[in-house]
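Taking it in order: structure first as structure tokens, then the write-up.
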């Protein structure tokens with residue numbers, strides 16, 4: 001928590017404020033560079049202006065093995081558009097500067113490994129980033145990154161799953177900061193008809209190991225589901241539903257209207 | 001406990017506890033798969049210590065697969081190899097037509113031990129998919145095979161074989177629509193269905209313990225070949241050669257020769273249209289260390305860690321990664337890895353067919369092309385042992401197009417497309 005530059009403290013405060021308001025936080029996700037770099041910046045900013053407390057900016061990857069078809073398609077569009085890591089960092093900078101809210105990056109590990117963990121952490125922190133979610137970097141392999149992140153004042157959010165054993169949960173949450181990302185079900189990203197009962201049990205098991213806030217993601221797409229999850233979690237993470245609004249829209253402006261509307265509806269959901 | 005065909009690694013040749021061969025390997029997987037991957041590792045350790053497991057696998061390898069596979073000296077082929085003696089380890093004669101069955105039967109037995117009713121697998125050339133579908137038929141397991149859409153077209157015969165065996169074949173339309181993307185899709189399936197599903201990984205890549213356990217199930221190739229060549233020639237070969245995509249047949253051949261420091265271990269990777277063309281799958285020649293499909297190894301990638309699309313005429317070698325133990329052997333200098341182009345491989349395929357009456361898989365033809373080179377370097381005193389990892393039936397459509405064998409012209413020897421390139 002002691003590092004310089006990065007905004008992990010802003011993330012902590014934001015989640016604490018939501019808790020003080022007796023509600024769950026709303027965390028939105030969109031990949032950078034989608035549908036264009038400028039469009040992505042506008043969309044991330046729109047989420048934060050319309051009800052999201054936190055945004056995760058995805059770093060598009062050629063091989064998104066943990067993502068379903070919606071985010072795969074968005075990543076492909078972003079990469080075909082030539083998105084670079086500098087564009088991801090700029091998306092974080094501009095979305096944060098426009099709103100003053102915490103912005104994280106969610107990325108597969110290889111791009112950071114290749115770019116250099118320290119270089120990436122420093123640039124993300126300098127852009128005002130709050131932290132990073134690295135879903136395929138297991139805690140055992142994470143020490144180098146965590147040192148770089150801590151020096152830069154960035155949080156490291158680990159993902160836990162319903163299949164995680166209690167002893168592992170303790171080890172993971174001890175290493176993490178910012179919040180814990182609890183996957184609501186066993187599967188890849190994408191909207192689901194229902195957000196399984198597994199999530200509630202997992203959140204309870206996570207809470208037994210840590211005082212970090214626990215946010216639930218995977219499958220949440222509408223205000224009803226958001227309200228359901230908000231009843232037992234500290235935050236509700238929504239990704240594919242936002243991406244799908246932008247994918248399905250005829251124009252960027254129409255897409256931005258759609259995501260604003262969804263963000264507002266979800267923000268109402270987490271306050272029920 | 002003694003086993004003739006299941007011969008896992010001796011002490012001192014295992015990866016580290018975290019799954020590293022030197023700087024390569026590890027376990028870069030989503031948290032949702034950690035429990036399942038650990039279960040595979042634990043079950044494998046138990047199986048290795050259980051004489052009943054080795055006995056059951058041995059029985060299958062002999063009476064179902066047809067081990068030991070033959071060692072064939074190819075004298076007419078060798079006339080084109082500088083006069084060196086060339087021997088082929090005939091994994092093409094295994095049931096299902098390639099080396100892949102060795103690993104598949106081992107992991108199918110593990111699947112049964114874990115009590116999982118469903119198996120998924122990726123396949124490139126279709127050989128691993130056919131072997132997996134075969135084992136699932138034999139053991140009564142549900143079977144889903146992921147295969148890049150491009151590969152389902154160029155290996156259509158194997159798609160039909162898998163479906164005949166009762167497997168569901170899912171064409172994968174994402175990314176480059178080849179092996180890499182099939183693996184991505186298999187991982188996505190596994191995360192969602194892990195409780196009742198084993199991912200029967202087909203090569204010596206992926207997260208620990210797959211590089212170790214797949215290699216152990218293929219070690220029999222080199223153990224047999226070493227014994228056979230000693231019996232036939234009274235000495236060890238100067239070089240052992242194999243094609244490398246993910247690297248399973250190569251590590252299977254190489255491993256028993258690791259302590260024989262006088263034996264060169266030479267892997268031949270797919271150079272496609274040439275390493276300089278940008279259209280190739282020569283990962284160890286042109287790649288850089290990175291993470292793909294759960295482990296650190298050499299990877300074809302750009303300067304920001306995006307995986308670049310590979311190319312090879314051979315579906316089985318058309319992969320931008322490589323098993324971590326090969327990366328370790330390369331960096332340590334124990335292994336040598338060289339590129340072979342499409343054209344060189346196809347010429348070797350035709351040469352072996354016409355001099356020996358053996359039609360190799362296009363994958364294996366890369367090793368044959370390499371052996372011609374090695375033979376010339378070694379001269380007439382040399383002995384080269386080549387892993388003939390698969391048979392070429394599946395490739396006849398590709399070969400017929402390449403050589404212009406379709407239509408009425410019976411003189412198929414003619415100058416082929418690209419042959420003079």
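Residue numbers (the UniProt record's numbering), protein chains in the order written: chain E, 1 to 272; chain S, 1 to 421. Where a beta carbon is used, it is the ideal one built from N, C-alpha and C, also for glycine.
{"Check": "Alpha-carbon spacing of residue 245(S) relative to residue 237(S), whole angstroms", "Outcome": "23 Å"}
{"Check": "Test: residue 219(E) CB closer than 8 Å to a CB of chain S", "Outcome": "no"}
{"Check": "Candidates 105(E), 23(E), 100(E), 171(E): closest to residue 61(E) by CA position", "Outcome": "105(E)"}
{"Check": "7 Å Cβ cut-off: residues of chain S touching residue 160(E)", "Outcome": "31"}
{"Check": "Simplified DSSP assignment, three categories, for residue 7(S)", "Outcome": "coil"}
{"Check": "Between the CA atoms of residue 12(E) and residue 192(E) - distance to the nearest angstrom", "Outcome": "29 Å"}
{"Check": "Backbone secondary structure at residue 125(S) - three-state DSSP", "Outcome": "coil"}
{"Check": "Proximity winner among 180(S), 286(S), 261(S), 223(S), relative to residue 253(S) (alpha-carbon distances)", "Outcome": "223(S)"}
{"Check": "Proximity test, Cβ basis, 8 Å: residue 2(E) and chain S", "Outcome": "With a pLDDT of only 48 at residue 2(E), under 50, the local geometry of the prediction cannot be trusted, and the value read off the model is given with reservation. Not an interface residue."}
{"Check": "Three-state secondary structure (DSSP) of residue 243(E)", "Outcome": "helix"}
{"Check": "Euclidean distance between Cα positions of residue 21(E) and residue 230(E)", "Outcome": "12 Å"}
{"Check": "DSSP three-state assignment for residue 102(E), whether helix, strand or coil", "Outcome": "coil"}
{"Check": "Straight-line Cα distance separating residue 372(S) from residue 143(E)", "Outcome": "47 Å"}
{"Check": "Beta-carbon spacing of residue 189(E), residue 66(E) below 8 Å", "Outcome": "yes"}
{"Check": "Residue-chain proximity (residue 305(S), chain E), Cβ-Cβ < 8 Å", "Outcome": "yes"}
{"Check": "C-beta atoms of residue 14(E) and residue 94(E) nearer than 8 Å", "Outcome": "no"}
{"Check": "Coil, strand or helix - residue 264(S) by DSSP", "Outcome": "strand"}
{"Check": "Spatial distance of residue 8(E) from residue 183(E) (CA atoms)", "Outcome": "21 Å"}
{"Check": "Residue 235(S) burial status per 10 Å Cβ neighbour count (16 or more: buried)", "Outcome": "exposed"}
{"Check": "Between the CA atoms of residue 328(S) and residue 394(S) - distance to the nearest angstrom", "Outcome": "32 Å"}
{"Check": "Limits of the unbroken beta strand (DSSP E) element including residue 147(S)", "Outcome": "142-148"}
{"Check": "Three-state class that DSSP yields for residue 52(E) in the structure shown", "Outcome": "coil"}
{"Check": "At least 3 beta-carbon pairs within less than 8 Å: the stretch 158-175 of chain S vs the stretch 136-149 of chain S", "Outcome": "yes"}
{"Check": "For residue 226(E) and residue 266(E), believed in contact at Cβ under 8 Å, the rounded distance", "Outcome": "5 Å"}
{"Check": "Backbone CA spacing between residue 24(S) and residue 251(S) [nearest angstrom]", "Outcome": "15 Å"}
{"Check": "Beta-carbon neighbours of residue 164(E), restricted to chain S and to distances below 9 Å", "Outcome": "31, 32, 34, 35"}
{"Check": "Given residue 71(S) as reference, the closest of 333(S), 291(S), 227(S) once Cα atoms are compared", "Outcome": "227(S)"}
{"Check": "Residues near residue 108(E) in its chain [Cβ-Cβ closer than 6 Å; skip 5 each side]", "Outcome": "61, 136"}
{"Check": "In chain order, each beta strand (DSSP E) run of at least 3 residues that lies wholly inside the stretch 210-271 of chain S", "Outcome": "239-244"}
{"Check": "Assigned exposure category for residue 399(S) - 16 Cβ within 10 Å defines buried", "Outcome": "buried"}
{"Check": "Contact with chain E by residue 18(S), beta-carbon distance below 8 Å", "Outcome": "yes"}
{"Check": "Residues in the stretch 97-118 of chain E having any Cβ partner in chain S nearer than 7 Å", "Outcome": "109, 110, 111, 113, 114, 115"}
{"Check": "Three-way DSSP call (helix, strand, coil) for residue 32(E) in this model", "Outcome": "coil"}
{"Check": "Cα-Cα separation, residue 115(S) to residue 107(S)", "Outcome": "12 Å"}
{"Check": "One or two residues paired with residue 85(S) in a DSSP bridge", "Outcome": "383(S)"}
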